[in-house]
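What follows is one structure encoded as C-alpha cells, with my remarks underneath.
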Amino acid sequence: MINGLTWLLGCQLVGEVLVRLTDAPVPGPVVGMVVLFVLLRVRRSGDDATVVRAAAGLLRHLQLLFVPAGVGVIVYLGTIRDHALPLVAGLVVSWALGLAVVGWTTVALERVGARR
Amino acid sequence: MSETWAWASHSPVFFLLLTLVAYRIGREVRDRTGGHALAQPVLVAIVLVGVTLSVLDVDYADYADGTTLISFLLGPATVALAVPLHRQAHRLQGFVVPLLVAIPLGAVVSVSTAVVLVETLGGGDLLARTIAPKAATTPVSIALSETAGGIPSLTAVLTILAGILGAVAGPAVLTLLRVRDRRARGLALGAVSHGIGTSRALVEDETEGAFAGLSMGLTALATSLVVPILVAVLL
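For the record, the sequence lines run as chains A and B. The first sequence lines up with residues 1 to 116 when you count with our numbering. The second sequence lines up with residues 117 to 351 when you count with our numbering.
Structure follows, in C-alpha cells:
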C-alpha cells in the first residue's frame with residue numbers, strides 16, 4: 001500500500017512540476033496520469049504490482065473523494081436557482097450531442113476501416 | 117458543555133466522520149435499491165452532509181478545511197486512473213483511428229456546445245467556465261474547473277449529473293440514434309458520462325463496459341487539452 005502510494009504521489013509530483021515548468025493549462029495530476037500510464041506500459045505491469053493494487057483501492061471508493069467538493073454546492077444554491085435554464089440546457093443538450101457525435105463517428109470510421 | 121459542543125461540531129474529526137457516515141449511508145441506499153442509477157452514493161452523501169451543515173449552522177469553509185484529508189486524495193486518485201487505461205490498452209489494436217478521431221471530436225463538441233449554450237442563455241462567463249469540463253471524470257473536471265476559473269464544487273455536481281444522465285438515459289438514447297455496435301456504444305457512454313456511465317455500460321455488456329472505461333480515460337485527457345483552448349476562444 002505504502003509502496004503503491006509512493007508511486008502515485010511520485011507521478012503526481014512529476015506532473016505538477018512539469019505543468020509549472022511549461023505553464024501548461026492542464027491539471028498536474030492529469031499529466032501524472034500520463035506519466036504513470038507510460039511507466040505501466042514500459043514495465044508491462046501486471047495486476048499484482050503494488051501501484052496497481054494501491055490504485056484499485058483508491059478507485060474503489062472514488063465517489064467518497066468528491067463529497068467535500070460537491071457539498072460546496074450549497075453555497076451556490078441561489079446561483080443555480082437564478083440560472084437554472086442555461087445550466088440544465090447546457091448540461092442536457094451538450095450531453096446528447098457529445099453522445100451522438102462519438103457514437104456516429106465511431107460507427108462511420110469502423111465502416112471505412114472494414115471496407116479497406 | 118456548550119463550549120465542548122462548539123469545538124466538536126467544528127473539528128476535523130467530526131467533519132471526516134460525518135462525510136464517511138454519509139457516504140456509507142449512500143452506499144447502503146444504492147444496495148437497497150438494487151443499484152438504481154439515481155441512487156449514487158456521492159449524491160446521497162452530498163445531500164446528507166449539506167443538510168447537516170445547514171442544521172448545525174456550520175460554514176462550508178470550515179467543513180472544507182476539516183476535510184482536506186479526503187480532498188487531497190483526488191490528486192493521487194486521478195493519477196490512479198492510468199491503471200484501468202493500462203489494463204484496457206490491448207483493446208486499442210485495430211481501433212486506433214476511430215478512437216483518436218471520435219474522442220477528441222466528442223470532447224470539442226461537448227465542451228463548446230455547453231459553453232455556448234450557457235453563454236447565449238444568459239448564464240454568464242463564470243458558469244460557462246464551470247460547465248465546460250463536465251464530461252471529464254469528476255477528479256479531472258474539478259481540477260480543470262479550478263484551472264479554467266470556474267466554480268469547482270458546482271462543476272463536481274454538474275459532472276455527477278452528466279454521469280447519472282448517462283446511466284439512466286444513455287443506452288435508450290443510443291438505440292434511438294441507431295448506434296448498435298457495442299464498441300461504439302461504450303465509447304459514446306464513457307465520453308459523456310465517465311465512470312457512472314461506464315458502470316451502466318458494464319451492466320449492458322462486457323465489451324461495452326471495457327470501451328466505456330477506455331473512453332472515460334481518453335476523454336479526461338482530451339478534455340484537459342481542449343478546455344483551456346475553447347474557453348480562451350469562446351469567452
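Yeah, the Cβ is synthetic: ideal placement off N, Cα and C, and Gly gets one too.
Using only alpha-carbon positions, find the residue among T183/B, A252/B, T291/B that is nearest to V343/B. When the alpha-carbon of V343/B is set against those of T183/B, A252/B, T291/B, the nearest one is in A252/B.
Contacting residues, own chain, Cβ-Cβ under 6 Å from N3/A (five flanking each side not counted): T50
How do the segment 61-71 of chain A and the segment 226-233 of chain B stand: do at least 3 beta-carbon pairs fall below 8 Å, yes or no? no
Taking only beta-carbon positions, decide if I2/A is within less than 9 Å of chain B. no
To test your reading of the DSSP string, which unbroken alpha helix (DSSP H) runs of 4 or more residues are found completely within the segment 225-253 of chain B? 240-247
State yes or no: is the C-beta of L58/A within less than 9 Å of the C-beta of A304/B? With contacts defined by Cβ atoms closer than 9 Å, L58/A and A304/B do not form a contacting pair.
Buried or exposed (CB count within 10 angstroms, at least 16 for buried), E324/B: buried
For S340/B and V284/B, which I take to be in contact (beta-carbon distance under 8 Å), what is that distance rounded to the nearest angstrom? Contact flag wrong, Cβ pair sits at about 27 Å.
Chain-ordered neighbours of A114/A on chain B, where CB pairs are closer than 9 Å: Correct list: empty, because the minimum Cβ distance to chain B is about 10 Å.
Apart from the five residues just before and just after F211/B, which ones in its own chain have a Cβ nearer than 8 Å to its Cβ? Counting only residues of its own chain and dropping the five nearest sequence neighbours on each side, F211/B has a CB closer than 8 Å to the CB of R299.
Examine chain B for any beta-carbon lying closer than 9 Å to the beta-carbon of T50/A, and answer yes or no. With 9 Å as the cut-off, T50/A does not count as an interface residue toward chain B.
Can you list, in chain order, the residues of its chain whose CB lies under 7 Å from that of V52/A, leaving out five sequence neighbours each side? These residues qualify, in order along the chain: S45.
Do S170/B and I74/A come within 9 Å of each other at the CB atom, strictly closer than that value? yes
9 Å Cβ cutoff, P200/B in contact with chain A: yes
CB R316/B to CB A153/B, shorter than 9 Å? yes
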